[in-house]
Amino acid sequence: MNSERHNCQLELRGAGGEEKNTTLIHFTSACTAASLCPPLSLLLCFRTTTTTKIKKKKMSQQTVNGVPSRGKVLTLDNMNPNVKRVEYAVRGPIVQRAVQIEKELKEGVKKPFSEVIKANIGDAHAMGQKPITFLRQVLALCSYPELLEDNKFPEDAKKRAKRILQACGGHSIGAYSASQGIECVRQDVARYIEKRDGGISSNPDNIYLSTGASDAIVTMLKLLVCGEGRDRTGVMISIPQYPLYSAALADLGAVQVSYYLDEDKCWSLDVAELRRSLNAARQHCNPRVLCIINPGNPTGQVQSRQCIEDVIRFAKEEHLFLMADEVYQDNVYAEGCKFHSFKKVLFEMGPEYSSTVEMASFHSTSKCYMGECGFRGGYMEIINMDPEVKAQLTKLVSVRLCPPVPGQALLDLVVNPPQPDEPSYTTFMKERTVVLADLAEKARLTEQIFNKVPGITCNPVQGAMYTFPRITLSQKAIDKAKEEGQVPDMFYCMKLLEEEGICLVPGSGFGQREGTFHFRMTILPPTEKLKVVLHKISEFHLRFTQEFS
Amino acid sequence: MSVLQEISPNVKNMKQLEYVVLARRASQIMEELRKGARKPYSEVIDVSWGDPHRAGVKPLSFVRQVLAACLYPELVNSNKLPVDVRQRAQRLLGQCAGGSIGSYTATAGIAEIVHRVSEFITRRDGGAPSHPENIFISAGSQWALQNILKVLVNSKSSPKTGVLTPVPCHCTTTLSIMGLGAVVIPYYLSEEQGWELQVEELDRALESAKGVCNPVALYVINPGNPSGHIQRRKSIQEVIRFVSEKKLFLLADEVYQGCVYGEKSEFISYKRVLAEMGPPLSDTVELASFHSASKGFMGECGMRGGYVELINLDPDVMKYIYKLFSKDSCAPVLGQIALDLMINPPQPGDPSYPLYNVETQNIRTMLVHNVKRAFEVVNSLPGFCCQPVEGGAFAFPRLHLPPKAIQKAKEVGLQPDTFYCIRLLEEAGVLISPGCEYGQKEGTHHIRFCIMTSEVMMEELLRRLTCFHTQFMKDFS
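Protein chains in written order, with my numbering: chain A, 1 to 549; chain B, 1001 to 1477.
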């Protein structure tokens, strides 16, 4: 233990250095002339430098009051090169432009629309979905326990609040929890998983609560990625994918190994394609992880049981760690589609698989019927992980101190909702059913309307919260985009934003087959508004096609 | 064979915390107590974290009322809550997308809150300007610190990136540095001088890094954790000159700025001192300053709200920092709101002010009392020597262990101060953490415990510590 600690620390080498004034040579040489600071008198105190200042920067190093000005310590040249490769399209330039337009509208600038509709992100409450009463009642009681005396709150809400507070340090949701999460919440999560998977056992020790599912995904990747050169860890992700994966891989300096979903077969996953991609990757890296998003984001497909079995067999054969992103598990709409958890299928395949295949499964409080993104609640369950590696994982999560406690409390309510004999049950079920029924209706509507538009083809939205239609763009449009220095679907989406005030994410942000173009849109706006949005996009598409024909 | 035979070497290199052993044993003991086991105590006192609520400090009513009304907006229209609480909640909800705290926010946080954070900083720093575009709200200050470290640490560079880090230093930061594959370059605070930071020592530390790593940043904690020291203006000026001269990025962890107890102590931010030093320093020194909703009198650790203000950064680098934060979606909204309430408390004349004032005054009095009592009692025990606690959440007294105790610890394979802590836990039901967790000069031993507790808990803690320590010293004399 002791030797490990000293690995990364320099030993004390006697007090008082001798060469006090030496600047570090190797460091100075890393600062190139291009990164030198502008003349200081020209700068406003602490203001982030503007474009004019950047131009001034090109001027040579000068002195102020006889003191030489210094170049920046942190520059594009010496910053972590991995960070430079991070791109996160769902909060990318188009969203930043949308925010700017909103500001302009507020300032009274005339536009062909009166509001910006942000259909770029799966944010149910932002689109007007109301919070589920029971969840918020319990959380309010946890926040201000004096309300437990208030007879306006139902008894079952009070009971839950008391139970959660009992499990918190000092009976306050303001105390840190264990880094892995509050124990009683992890127990409830385990019981929920058991129920979901028809009785297959789940161990609370294998549950890690997290700050939204993305935190857990990034943590697992961080743990897994190692090796250098051809031994560098490769991580298989679908194309199209959710850009959190590509961003995390860039950040970690891991190798992204892409496998393509089959758009012609409703974005289904084909093991032959997995194999092709894996074999190709083995030439230059060491693929060790396979990520699956089911139901799919941005593609909305729901995997069949057969397909999941095939993937599990493949993972076992090829010795891959499986990461199953299942945050949309309760968002399944299409007739004949059903969510099957990877864990359940794994265990039904028998001990040959269930005792060997290593896996992590992720879930979140941000989606489903509750859509509580702002709480950043989530969890992962790990299966068949080596105990020593698990100890390393526990250590890694301790750096975050703990996930937000209100998010943990919320998760507890989601996995342990009101029961039929409890006073909140009827209202809760009514609210839940309405949200999910609406989503199913909107999924149908979206596919229907888009598929009527020449030049737009759209797979059914079987699950999740998005449509990812393919758009046909003429050569002229593609050329025009190039002229503007944009990829074609970004050009398309930017134009749509400027003309209609609708914010979508271009398909290029998720990845797509060369020469095809898409966009991602959430189906979350209220039905009437969604209809308007769909029609506006349809009209825009026709206009756009004509303009560039 | 496990797929995971190989894992990230950086993660492997992160040191294993002693705390894990202690915490595991503590929860076993609690379980035993629940099952009716007989012990000399009926419950475990956990003062191992800077976690006021866990240690019996009550949340502020105003803060929790506003959060409750934001959570359940029906309360906005009820007369159960004071009118300013309801107004505040309504205004905050209006600033959330769709009027719900369940929606995502902008990457840096709710724009209006970010703006108010910048106003708070300007107020705090006697008018030194602060700009909202330089502020990122995050899920606790450590999260923001990790993001900034990530930009600074060049994972591909050889030699490795180094970060000058104080000894003692709370362990999350050292773990973060190691987890990114960077090297911790320790500089030692001078215990004899009340844990003062001395520039000569920074020089020495920097020199020691030569040929080992490439130092790019200096991390300072003021008020100190665990040292409880508050830096004077002059010391801050020296540090600023040092980083400027040595071309280091300055990381100022100032999360305990609201926790100042010494009569003559005053918190002054690095940002303020830097601004007041004027150009060229104020225009050039790159600084990241961190603050949090977890500390202060509010102590809302569980909400996970913190922020970083970035000063003098290259705008091109700022773009990448934005991307890095955007990958995390956004900070938990309740944490953002807690932060907002901390920096904008009720004002005289507001209906909530009288109660807020009483509650905060009580906490202040309690903490000043705790600090005084802890200092007196610990220093009265043979073998203990505690520097004055000027600020922060901890006492970090030095413990002169008898050779027999050190010998015994060696026999059972523990660090001497961990051995002490385990015994304290077993025999007196007090969970604290050992000095070896934070780093200490070779051959010295310390313990750390939280002083942000209720008065009752502090008295009980000191009583148990006194009893235990007296017996311990007798046993090993």
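Where is the CB? At the ideal position from N, CA and C, for every residue including glycine.
Contact with chain B by residue i, beta-carbon distance below 8 Å
i: M380 (chain A); result: no
i: E431 (chain A); result: no
i: D325 (chain A); result: no
i: T211 (chain A); result: yes
i: P506 (chain A); result: no
i: E193 (chain A); result: For clarity, residue 193 (chain A) is Ile in the given sequence; the question names Glu instead. Answer no: the Cβ-Cβ gap between I193 (chain A) and chain B never drops below 8 Å.
i: I173 (chain A); result: yes
i: Q137 (chain A); result: yes
i: V532 (chain A); result: no
i: S474 (chain A); result: no
i: H125 (chain A); result: yes
i: K529 (chain A); result: no
i: G253 (chain A); result: yes
Cross-strand partners of residue i (DSSP beta bridge)
i: Q256 (chain A); result: A:V235
i: K118 (chain A); result: A:C503
i: T527 (chain A); result: Note: T527 (chain A) sits in no beta bridge, so no partner.
i: F519 (chain A); result: A:P506
i: P1215 (chain B); result: B:G1162
i: I471 (chain A); result: A:I456, A:F517
i: A211 (chain A); result: In the sequence on display, residue 211 (chain A) carries Thr and not Ala. A:G377.
i: H1291 (chain B); result: B:Y1307
Residue-level contact to chain A via CB, residue i, 8 Å cutoff
i: M1277 (chain B); result: no
i: C1301 (chain B); result: yes
i: I1221 (chain B); result: no
i: T1107 (chain B); result: yes
i: T1444 (chain B); result: no
i: L1381 (chain B); result: no
Contact list for residue i against chain A, beta-carbon separation under 7 Å
i: R1064 (chain B); result: S143, Y144
i: R1124 (chain B); result: Residues of chain A passing the Cβ test: none, with the nearest at roughly 14 Å.
i: V1153 (chain B); result: N80
i: A1068 (chain B); result: A140, S143, Y144, L147
Closer than 8 Å at the beta carbon, the chain B residues around residue i
i: C226 (chain A); result: E1006, I1007, S1008, P1009
i: V86 (chain A); result: Y1320, K1323, L1324, K1327
i: G371 (chain A); result: G1102
Sub-8 Å separation of residue i and residue j beta-carbons
i: F519 (chain A); j: P454 (chain A); result: no
i: A190 (chain A); j: C503 (chain A); result: no
i: V1199 (chain B); j: V1243 (chain B); result: no
i: E1032 (chain B); j: C1436 (chain B); result: no
i: A178 (chain A); j: C402 (chain A); result: yes
i: L223 (chain A); j: Q448 (chain A); result: no
i: A1026 (chain B); j: D1046 (chain B); result: yes
i: A175 (chain A); j: R1054 (chain B); result: yes
i: I121 (chain A); j: V90 (chain A); result: yes
i: G1299 (chain B); j: G1335 (chain B); result: no
i: P1226 (chain B); j: P1279 (chain B); result: no
i: P460 (chain A); j: A477 (chain A); result: no
i: F540 (chain A); j: L496 (chain A); result: yes
i: L1324 (chain B); j: V397 (chain A); result: no
Neighbour list for residue i in chain A, Cβ cutoff strictly below 8 Å
i: F1120 (chain B); result: Residues of chain A passing the Cβ test: none, with the nearest at roughly 15 Å.
i: P1491 (chain B); result: Here chain B comprises residues numbered 1001 to 1477, so residue 1491 (chain B) is not present and cannot be evaluated.
Interface residues of chain B facing residue i [CB-CB closer than 9 Å]
i: I200 (chain A); result: The premise fails here: I200 (chain A) is roughly 21 Å from chain B at the closest Cβ pair, so nothing lies under 9 Å.
i: M465 (chain A); result: Going along chain B, no residue has its Cβ under 9 Å from M465 (chain A), so there is no contact; the nearest lies around 13 Å.
i: L396 (chain A); result: S1008, V1011, M1014, L1175, G1179
Where residue i meets chain A, residues with beta-carbon distance less than 9 Å
i: S1265 (chain B); result: Under the 9 Å cutoff, chain A gives no residues; its nearest Cβ is about 26 Å from S1265 (chain B).
Closer than 8 Å to chain E by CB, residue i
i: V109 (chain A); result: Protein chains A and B are contained in the structure displayed, whereas chain E is not.
Neighbouring residues, chain B, relative to residue i (Cβ below 7 Å)
i: R376 (chain A); result: A1139, P1332
i: E352 (chain A); result: The premise fails here: E352 (chain A) is roughly 15 Å from chain B at the closest Cβ pair, so nothing lies under 7 Å.
**OP:** Report yes or no: do the segment 1255–1268 of chain B and the segment 1199–1217 of chain B share at least 3 C-beta pairs separated by less than 8 Å?
**Re:** Cβ pair count under 8 Å is below three, so no.
**OP:** Check whether the segment 1088–1095 of chain B touches the segment 1303–1312 of chain B, counting contact only when three or more Cβ pairs, one atom from each stretch, lie closer than 8 Å.
**Re:** Output reads no: the segment 1303–1312 of chain B does not touch the segment 1088–1095 of chain B.
Original post:
Does the pairing of the segment 411–426 of chain A with the segment 256–272 of chain A give three or more beta-carbon distances under 8 Å?
Top reply: The segment 411–426 of chain A is not in contact with the segment 256–272 of chain A.
Original post:
Are the segment 1458–1473 of chain B and the segment 1193–1211 of chain B touching, with three or more C-beta to C-beta distances below 8 Å?
Top reply: Result no; under three Cβ-Cβ pairs closer than 8 Å.
**OP:** Could you tell me whether the segment 367–385 of chain A touches the segment 403–416 of chain A, using the rule of 3 or more Cβ pairs below 8 Å?
**Re:** Judged by Cβ distances under 8 Å, the segment 367–385 of chain A makes contact with the segment 403–416 of chain A, as three or more pairs qualify.
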